[in-house]
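Single-structure report; data block below.
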Amino acid sequence: MAGDDERFKTHIKEPRWQQVASIVIVLGIVCGAFIAHQAYTTNLAHTTFDRYYAFRGCVQLIDKTDTYGDCRLSNGQIIKLVLINGKWYLDGDGPGTW
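Numbering (the numbering used here), first residue to last: 29 to 126.
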């Protein structure tokens, strides 16, 4: 009986690295899925004015043309959305302006 207790304790301790590896793998999958979802949502938001308007949190449309639009945020700030290479961006925040 004493030998059985030792084997049981050893059996519990040995797979600890497997438990840690499993947790790391699950967290990696969850993080990867979150990153993929955020990338998809952001890319989709840039495709049309209406989507980007909603993505930026605009509550009132002030002015819109085919290449730009001005809108008011809930805090009263007015922002300008511009069309660059077929995608909508915040004015001054387009591709290559990092």
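Heads up, the beta-carbon is just placed ideally off N, CA and C, and yes, glycines get one too.
Note on G97: 16 or more other CB atoms within 10 angstroms of its CB, so buried under the neighbour-count rule. In the pairwise beta carbon analysis, the segment 51-70 is classified as not touching the segment 103-119: fewer than three pairs are separated by under 8 Å. Within its own chain, the residues whose Cβ lies closer than 8 Å to the Cβ of L101, once the five positions on either side in sequence are excluded, are R84, G85, C86, V87, I107, listed in chain order.
Taking a C-beta distance under 8 Å as the contact criterion, C99 and Y117 do not qualify as a contact pair. DSSP, reduced to helix, strand and coil, places D78 within a helical segment of the structure shown.
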